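Report on the structure given below.
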Amino acid sequence: MKNTGSEILKGFKIYYLGFGLLVILLLILSPYAAFIGLAISAIMIFIMYRDQEKRTDEIEGFIDNLSDAFDSAAKYAIFNMPFPLVLVDINGKVNWANSVFLKWIDSDNIIGKEVDSIIPDFDFKMIKESNKVKESLVKGDRTYSVYSNLIDVNNNAISDDDVLLLYFVDNSDYFDLVKKYDDEKVLFGHLYVDNYNEARTSTDDINRPLFLAEIDKTIINYFTEFGAVIRKYENDKYIIMMEKFTFENLKEDSFSILDKVKELYMGNTVSATLSMGISDYNSMLLEGYHESRSCIDLALARGGDQVVVKVGDGHIYYGGRSKAKEKSNKVRARVIGLATKQLIDQADRVFIMGHMNPDMDSIGAGIGILRAVKNRDKEGYIVLNKSNPSIENIMERMKEEQPSMIKEMIKQEDALAKINREKSLLILVDNHKPSFTEAPKLLDEFNSIIIIDHHRRGTEFVENPVLTYIEPYASSTCELVTEMLTYMSDDLNLTEFEADALMAGIMVDTKAFSFQTGVRTFEATSTLKRSGADMTRVKRLFKNDFSTIKTKASIIENSKVIFDNIALGVLGHEEDHGLLLAAQAADELLEIEGIAASFVLYDNGEFINISGRSLGGISVQLILEELGGGGHLVSAGAQLFDVTLEGAKKILEEAIGNYLKENDK
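Our numbering numbers the first residue of the sequence shown as 164 and each following residue consecutively.
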């Protein structure tokens, strides 16, 4: 577009001013000279105007020629791009494609077709809406990056006339390098033979060296075959370094080393089991080392015979489908008992807290710890916001037989008024998850927290406890507390009521001594019997009224069988004893011939509670952990919020299906 004369003259304003001043000056000096000066100025201005117009025409001509050359070059470049290129309309239909693209897709007839239908795994909608580069598109053995360029035909907002230019750049070498770098990231692993002493002592003297050597050989050969570096640094401990692709292969193999070692037999009566912790592959070396140590601790706290892998902020578990092995050595119980006694002695007050909706094991363990506190002449309290049907009977007996203990049952608000952060001690029993405690707000008020629990440890855990005693092999927390009491004082000083409470906790979690019982379980019950516990009185604590029995029978009658051997029951309305009924119904469903596991869902109006029970062949703990719950191999629970009863059933059935599918591998 050419400039007008006025636009050209704008550039000469300074000259006009100069000529004008000169003419005025000459006019003052000599009118004749002024006339001549004016004529000369007019001629000069005309010449300058003509030269500027000529120069402007030359520049515009140069720009037009350059633009034409650029358009020609751009068109030539587009038509002769060495990579696939396609022009599509705003709806993704092909308008044009270069020859490389046609050869790339091995087709000529593509005009008017949708680009999504031509290129597998291509998402045109994502490209169009976000104008993002698709990181990778795999075609054959090559990997391409996809770039897009929106051509705004009308120079305004996106319209139907606009087109997109898509081009596909072969970045296979780059992606191969990225994959190689990712595959070669180093992971740390720690592996323990978690029942080394028990397996060793269960083997006769002749076969013992051979058995231990075979364990060592099996472990080292397994990891060496997969390309990992493994070194033994103690009799029962190994450290492993592996690359990520090795770890992926181990996952594909489902860590079969767990079963290989368990199957070793050379006269041993106890099978050896392994626990393993593996770091996140995105961690630095030192960080990875510490992560793997933390993971092995978590694996052991969950009962062993499993692999725990750190992934981001969480963990993934493999194995853990066998019952935790009972430990014959009581050294740990003695050490924990003595350490707890010292911490109680150092505290001004001791607060004891179980899980929300406490059961007999939770309240019984709390009563046992309160006795230990009293034996040390310390002030102690059990935090209980409200009672529930599961502990109604024991609370009634408390009012009758030990009314002074009622004053030692306090709510969260009262506890907050009594806590001294620096001096007070909190002891958590039968739970280690902060969100599941009776009063989660209290956890932040203590510098010293002790955890005593028999549930397999989950990812959620109390931060920085001063003492942790988690033993999944134990039948109940009451069993652990009873053992601890024997090491904390020569005289337990248990009243009959307190002994009955501890016995009731053991009885409810063992289903009347039919599940999860070991030698140490009966040793604990013997201790309680000597302290005055009576089984007849304990059984009375579990009596139900006629209405409860009818409701429980209705749950069982209306239950269904899924996956051939799993019973699923539902209590779809609020009941005074709903949580207890669901748990008891799940227990009784296991009595049915052919049922290996049972689940009962209860809708209490606030959340859906799930009670899971098993005979041991199916891990209800692993199933319900996927739903945010936890527990034991044979007994577990979970709570689902913001979901309907039907929705909860679908979620549960999907989790069961995933578990069974994984277990069949």
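Note that the Cβ used here is the ideal one computed from N, Cα and C, for glycine as well. Owing to the predicted nature of the structure, the values given are computational and were not obtained by experimental measurement.
So residue i packs on residue j, CB below 8 Å; how close in whole Å?
{"i": "Gly255", "j": "Asp279", "result": "6 Å"}
{"i": "Ile554", "j": "Ala535", "result": "Not a contact, Cβ separation roughly 20 Å."}
{"i": "Gly531", "j": "Ser782", "result": "Gly531 to Ser782, Cβ: 29 Å. No contact."}
{"i": "Asn358", "j": "Gly467", "result": "7 Å"}
{"i": "Val546", "j": "Glu601", "result": "5 Å"}
{"i": "Asp739", "j": "Pro552", "result": "6 Å"}
{"i": "Thr640", "j": "Asp750", "result": "In fact, because the Cβ distance is near 19 Å, the residues do not count as touching under 8 Å."}
{"i": "His795", "j": "Arg619", "result": "6 Å"}
{"i": "Ile459", "j": "Tyr355", "result": "6 Å"}
{"i": "Ala662", "j": "Ser694", "result": "4 Å"}
{"i": "Gly430", "j": "Thr366", "result": "6 Å"}
Decide if residue i is buried, meaning its Cβ has at least 16 other Cβ atoms within 10 Å, or exposed.
{"i": "Met164", "result": "With a pLDDT of 47 at Met164, under the threshold of 50, the modelled position of that residue is not reliable, and no figure is offered here."}
{"i": "Tyr337", "result": "exposed"}
{"i": "Tyr428", "result": "exposed"}
{"i": "Phe804", "result": "exposed"}
{"i": "Leu579", "result": "exposed"}
{"i": "Lys504", "result": "buried"}
{"i": "His777", "result": "The sequence given here has Ser at residue 777, not His. Burial call: buried."}
{"i": "Gly792", "result": "buried"}
{"i": "Asn821", "result": "exposed"}
{"i": "Tyr401", "result": "buried"}
{"i": "Phe198", "result": "exposed"}
{"i": "Ala205", "result": "exposed"}
{"i": "Thr673", "result": "buried"}
{"i": "Arg465", "result": "buried"}
{"i": "Thr364", "result": "exposed"}
{"i": "Ala664", "result": "buried"}
{"i": "Ile718", "result": "buried"}
{"i": "Ile773", "result": "buried"}
How many Å lie between residue i and residue j at the Cα?
{"i": "Asp220", "j": "Ile210", "result": "16 Å"}
{"i": "Ile526", "j": "Glu659", "result": "15 Å"}
{"i": "Ile171", "j": "Glu223", "result": "Confidence at Ile171 is low in this model, with a pLDDT of 48, below 50, so the placement of that residue is unreliable and no value is reported for it."}
{"i": "Asp399", "j": "Met651", "result": "31 Å"}
{"i": "Asn721", "j": "Leu731", "result": "9 Å"}
{"i": "Arg457", "j": "Thr387", "result": "Position check: residue 457 holds Ser in this sequence, whereas Arg was assumed. The alpha-carbon atoms of Ser457 and Thr387 are separated by roughly 24 Å."}
{"i": "Asp284", "j": "Leu300", "result": "7 Å"}
{"i": "Asn312", "j": "Lys473", "result": "41 Å"}
{"i": "Asp607", "j": "Ile755", "result": "46 Å"}
{"i": "Leu752", "j": "Ala716", "result": "10 Å"}
{"i": "Glu825", "j": "Ser417", "result": "9 Å"}
{"i": "Leu327", "j": "Ser270", "result": "20 Å"}
{"i": "Phe624", "j": "Ser438", "result": "19 Å"}
{"i": "Ser689", "j": "Gly390", "result": "52 Å"}
{"i": "Ser335", "j": "Val341", "result": "10 Å"}
{"i": "Asp339", "j": "Asp346", "result": "10 Å"}
{"i": "Ile573", "j": "Gly517", "result": "13 Å"}
{"i": "Ala748", "j": "Leu655", "result": "36 Å"}
{"i": "Lys596", "j": "Gly621", "result": "8 Å"}
{"i": "Val257", "j": "Arg305", "result": "23 Å"}
{"i": "Val498", "j": "Glu571", "result": "28 Å"}
{"i": "Leu265", "j": "Asp333", "result": "15 Å"}
{"i": "Arg700", "j": "Ala675", "result": "14 Å"}
{"i": "Ile282", "j": "Tyr310", "result": "14 Å"}
{"i": "Leu329", "j": "Ile382", "result": "53 Å"}
{"i": "Ala202", "j": "Ile191", "result": "17 Å"}
{"i": "Gly800", "j": "Asp252", "result": "55 Å"}
{"i": "Ile613", "j": "Tyr344", "result": "43 Å"}
{"i": "Asn360", "j": "Asp697", "result": "36 Å"}
{"i": "Ser262", "j": "Ala818", "result": "51 Å"}
{"i": "Val470", "j": "Ile441", "result": "8 Å"}
{"i": "Ile725", "j": "Lys414", "result": "29 Å"}
{"i": "Ile369", "j": "Val433", "result": "16 Å"}
With a cut-off of 8 Å, do at least 3 Cβ pairs link the region 541 to 559 to the region 499 to 514?
Because the criterion of three Cβ pairs below 8 Å is met, the region 541 to 559 and the region 499 to 514 touch.
Legend entry - Segment contact flag, the region 704 to 715 with the region 733 to 749, C-beta cutoff 8 Å, min 3 pairs: yes
Practice problem: Identify every run of the alpha helix (DSSP H) within the region 532 to 583, keeping only runs that are complete inside it and at least 4 residues long; order them along the chain. | Solution: 555 to 564, 566 to 569 and 575 to 581
message = With a threshold of 8 Å, are at least 3 pairs of Cβ atoms found where one atom belongs to the region 555 to 564 and the other to the region 581 to 591?
response = no
Is the region 626 to 637 in contact with the region 804 to 817, if contact means three or more CB pairs nearer than 8 Å? no
**Item:** Complete runs of the alpha helix (DSSP H) confined to the region 393 to 462 [at least 4 residues]
**Value:** 407 to 415 and 420 to 425
query = Can you list the alpha helix (DSSP H) stretches of 4 or more residues lying completely in the region 305 to 354, in chain order?
reply = Those alpha helix (DSSP H) runs which fall completely within the region 305 to 354 and span 4+ residues are 335 to 346.
Every unbroken alpha helix (DSSP H) within the region 628 to 716, with a cutoff of 4 residues, ordered by chain: 640 to 651, 659 to 672, 682 to 693 and 698 to 703
- May I have a chain-ordered list of the alpha helix (DSSP H) segments no shorter than 4 residues that lie completely inside the region 722 to 766? Annotation: the region 722 to 766 contains the following complete segments of the alpha helix (DSSP H) (minimum length 4 residues), in chain order: 741 to 752.
task: Note down, one range per segment and in chain order, each alpha helix (DSSP H) of at least 4 residues found wholly within the region 260 to 304.
output: Listed in chain order, the complete alpha helix (DSSP H) runs (minimum 4 residues) inside the region 260 to 304 are 262 to 268, 278 to 281 and 287 to 293.
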